[in-house]
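One structure is given here, and the rest of the page talks about it.
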Ligand SMILES: [Zn+2]
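Residue numbers (this note's numbering), protein chains in the order written: chain Y, 2 to 474; chain V, 3 to 477.
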């Protein structure tokens, strides 16, 4: 059975369709690994206890099991967003993205651990304990979709769904040595995703290779009448192809590749730039002048939206309630007991940023920066097809290393936040190891350029020949 | 009120729209259904649920905007208004803030500041003696109402008295009713009105500190509440005090105004643009569709009645403010030679007295029959008293007024011998009255006319009787 675990999702789906592999056996094999928490990763918060109903023959995803980040609502299945305030909460409906994948024949394997309400870059902010990096159990898998990343890297799931608000797919994908894609904002419905920051949240795939990312993405995109910010995807997501990068113009934004990038990460990045040139791409330095302000703007906009999004957790209708003598007491004690420290910190930040008298100086200014960052990208894409950066400034850090220093933790997203603010798609692919730990190579393009992005990532992936099997051992 | 002070009043009206579904989800609107039977993840504020704006509600907002002469924003946005309360499942209300769909405008003599779309809160029921959340034994929430589409209409502070507030709100209610966008029932809460009240020295153009009055859930309570608040402010200022800016809860039973607790009051709503919704973009086609549906509205109709039919302002308004009366009146007016003012008097007076708030078109009195009855009266073929008897018969059985007059013998007695003889009998029977009349006391004619009317069952023309009395007594 271990052979089947080594297949990518696309390969497994093909074998199932060809009758060479049983969907049930594949599911059971993964279920057993996930349920046993093979590798002691704490990647799952819930694992299906019985094999599900398998899709009809011919379904495109052929019953290949799927791990889903905890914050996606799944009917009747715990959906807790990593928070004590939602412990045991089972929603009455399923998120659109998950439903679409189920309709295409994916089967729900389990729900994966995450930073509470997707707030974090290390998966240490989960009410259900930290997730460990399968490459080194002393280290973090990145966050906030750390459970999904670790599960795919360790072979506990063939692929997984995550969400990315400021880097929550790309950064853990980089730290765990797998592929992570954040699509164009609006490409995938947010309906049923327990919100962190509504104007930034996007669902996306974690996969072992670029082809799987394209396959999973293909079945999620499209307008959803339940999400007015979702958009009809122009054209179809194709499976990636290509043998070289001839004619492709790559820009390297100096603001995201300078100070603060660890030397091992930088070396791996530069090596891949050279490889891209060998493959026919032109590589040139460019500038995103407002990118250095992106992180500050992000840490005002995202907490501001979160402060409102998390107001519904008030103990009245669902989730945790701490009874008190009066209404205010119930509110404060419920939220005091139910939210973790980082969530409270961001609610306070966001509440402050929106307060009367401070709105213009903080939230208003941050939105202006956001517009400038988006304009920078637009200008750059007039000269370049894609921009490339390291995904994260460092390899996976040690558990606890940045817990007491929120600013150091926030810097983990310095290379991924600008694309989130601009709403553009970006992908992280494994870019070799530095001191035995994975690094990530990020490519981003204009809105709805996913096919171009996937093709380029595919060509680099083939040329890099990264082998992640060590993490599945 | 002391004439030294002038009240300045602005109104904020919440109108529940009569759409099929709620503002941001597909749940049906309901009234009186069992609690929590019209809910879904969206209107319960469940994690992950997202709002989608109701196109019909936008259409209704455009209708209201056109009716109030507002400027319609080509692009307007929703904000989140943040505060915690159990009737607010998301912890914020989705409402329009600095870019509303309608701004400016006028209805009658009051300018409109703005009108915007938002969602209603759920219904909170407090169990216990106080009836309010403080001191309640427990509170339960019915989310059926939560998410009902609302249009909030805010006036400029152009109202100068409690009576004017009531009268203007009546005009607004009729306008909205005739637009067909709302049930506009104050008791049921589909029309709700808050008032901002301040006073200033008469002749001043400076605005005083205002208070906000809530919970006036009928036209009568609105008038009484505003009156009470004006009196309170005048007394306060005359005693050397100052009006505090605060929100007051009107208790219709005691007539008292009590400040809401400051904790409920001191909100920083932290408005910011709702990231879950795209802007409302209003194009030409949407405006044209709304314009095509716009009926003639009460204010315009009243103005037309005055101008074209020369009705009195009162009659014009009474007819125009009730679409069913106006329709009935206009149909009756089709009859040849109908006299508008007399017809108007009979529709708003005698007919309404008999059919009440119901639609007169649903009664047995055909509009043409009423027109004929009024024509008979105008021609003095029947007396007013007889006409009322005919109308009674029409209300009861329907039919043709002429036929009823003939069948019942209700035709007026003209100046013929029959009437002259009756007048002579009346004079002979009451020498006392005759003496008084001869002494110049014309009031004494009452018993004489009364005698004749009794004898003729009201068919006599009072004017003719008087003329005959004068003739006989040579007055
Ligand atoms: Zn609903």
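Glycine residues also receive a C-beta, built at the ideal position from the N, C-alpha and C atoms.
Show which residues of chain V have a CB atom less than 9 Å away from the CB atom of residue i.
| i | result |
| --- | --- |
| residue 175 (chain Y) | Neighbours of residue 175 (chain Y) on chain V: none; closest Cβ ~27 Å, over 9 Å. |
| residue 538 (chain Y) | As displayed, chain Y neither begins before 2 nor continues past 474, which places residue 538 (chain Y) out of reach and without an answer. |
For residue i, does the three-state DSSP call read helix, strand or coil?
| i | result |
| --- | --- |
| residue 266 (chain V) | In this predicted model, residue 266 (chain V) has a pLDDT of only 49, less than 50, meaning its place in the structure is not dependable enough to derive any value. |
| residue 2 (chain Y) | In this predicted model, residue 2 (chain Y) has a pLDDT of only 44, less than 50, meaning its place in the structure is not dependable enough to derive any value. |
| residue 347 (chain V) | helix |
| residue 116 (chain Y) | coil |
| residue 139 (chain Y) | coil |
| residue 357 (chain V) | helix |
| residue 31 (chain Y) | helix |
| residue 393 (chain V) | helix |
| residue 73 (chain Y) | strand |
| residue 345 (chain Y) | helix |
| residue 37 (chain V) | coil |
| residue 351 (chain Y) | helix |
| residue 385 (chain V) | coil |
| residue 97 (chain Y) | helix |
| residue 98 (chain V) | coil |
| residue 7 (chain V) | strand |
So which residues on chain Y does residue i lean against when the C-beta distance must stay under 7 Å?
| i | result |
| --- | --- |
| residue 279 (chain V) | 229 |
| residue 94 (chain V) | 309 and 312 |
| residue 82 (chain V) | 309 |
| residue 36 (chain V) | Within chain Y, no residue comes near residue 36 (chain V); the closest Cβ sits about 18 Å away, beyond 7 Å. |
| residue 274 (chain V) | 305, 355 and 364 |
| residue 270 (chain V) | 356 and 357 |
Please compile the residues from chain Y whose C-beta is within a distance smaller than 8 Å of the C-beta of residue i.
| i | result |
| --- | --- |
| residue 54 (chain V) | 226, 227, 228 and 229 |
Just to make sure I have the definition right: I need the residues of chain V whose C-beta is within less than 8 Å of the C-beta of residue i. Which are they?
| i | result |
| --- | --- |
| residue 483 (chain Y) | Look at the range of chain Y in this structure, 2 to 474, and you will see that residue 483 (chain Y) is not part of it. |
| residue 352 (chain Y) | 272 |
| residue 87 (chain Y) | 49 |
| residue 92 (chain Y) | 43, 48, 49 and 50 |
Please say whether residue j and residue i have beta carbons closer to each other than 8 Å?
| i | j | result |
| --- | --- | --- |
| residue 195 (chain Y) | residue 88 (chain V) | no |
| residue 1 (chain Y) | residue 374 (chain Y) | Residue 1 (chain Y) is absent from the structure shown; chain Y starts at 2 and stops at 474. |
| residue 244 (chain Y) | residue 274 (chain Y) | no |
| residue 42 (chain Y) | residue 158 (chain Y) | no |
| residue 311 (chain Y) | residue 262 (chain Y) | no |
| residue 136 (chain Y) | residue 391 (chain Y) | no |
| residue 370 (chain Y) | residue 291 (chain Y) | yes |
| residue 147 (chain V) | residue 122 (chain V) | yes |
| residue 334 (chain Y) | residue 286 (chain Y) | no |
| residue 307 (chain Y) | residue 197 (chain Y) | yes |
| residue 328 (chain V) | residue 337 (chain V) | no |
| residue 276 (chain Y) | residue 419 (chain Y) | no |
| residue 352 (chain V) | residue 393 (chain V) | yes |
| residue 231 (chain V) | residue 262 (chain V) | no |
| residue 47 (chain V) | residue 71 (chain V) | no |
Determine the chain B residues that contact residue i at a beta-carbon separation under 9 Å, and present them in chain order.
| i | result |
| --- | --- |
| residue 363 (chain Y) | Among the chains of the structure shown, chain B does not appear; the protein chains present are Y and V. |
Going along chain V, which residues have a C-beta under 7 Å from residue i?
| i | result |
| --- | --- |
| residue 315 (chain Y) | 86 and 93 |
| residue 200 (chain Y) | 277 |
Contact list for the stretch 289-307 of chain Y against chain V, Cβ threshold 7 Å: Cβ contacts with chain V: 305 and 306.
Secondary structure, alpha helix (DSSP H): runs of 4+ residues fully inside the stretch 121-202 of chain V: For secondary structure counted as the alpha helix (DSSP H) over 4 or more consecutive residues, the stretch 121-202 of chain V holds these complete runs in sequence order: 164-181.
Members of the stretch 164-195 of chain Y that neighbour chain V once the beta carbon cut-off is set at 8 Å: Correct list: 191, 192, 193, 194 and 195.
Contact list for the stretch 314-340 of chain Y against chain V, Cβ threshold 9 Å: Using a CB distance below 9 Å, the part of the stretch 314-340 of chain Y facing chain V consists of 314, 315, 317, 318, 319, 320, 327, 328, 329 and 332, ordered along the chain.
Alpha helix (DSSP H) runs contained entirely in the stretch 174-240 of chain Y, provided each spans 4 or more residues: Counting whole runs of 4 or more residues, the stretch 174-240 of chain Y contains the alpha helix (DSSP H) stretches 211-219.
Residues in the stretch 94-121 of chain Y having any Cβ partner in chain V nearer than 9 Å: Listed by position, the residues of the stretch 94-121 of chain Y near chain V (Cβ gap below 9 Å) are 94 and 96.
Beta strand (DSSP E) runs contained entirely in the stretch 405-463 of chain Y, provided each spans 3 or more residues: Runs of the beta strand (DSSP E) lying entirely within the stretch 405-463 of chain Y and spanning at least 3 residues, in chain order: 427-435 and 438-445.
Within the stretch 235-284 of chain V, ranges of the alpha helix (DSSP H) (whole runs, at least 4 residues): Uninterrupted alpha helix (DSSP H) stretches at least 4 residues long and entirely within the stretch 235-284 of chain V occur at 264-267, given in chain order.
Complete alpha helix (DSSP H) runs within the stretch 249-320 of chain Y (minimum length 4 residues, chain order): Entirely contained in the stretch 249-320 of chain Y, the alpha helix (DSSP H) runs reaching 4 residues are, in chain order, 264-279 and 295-310.
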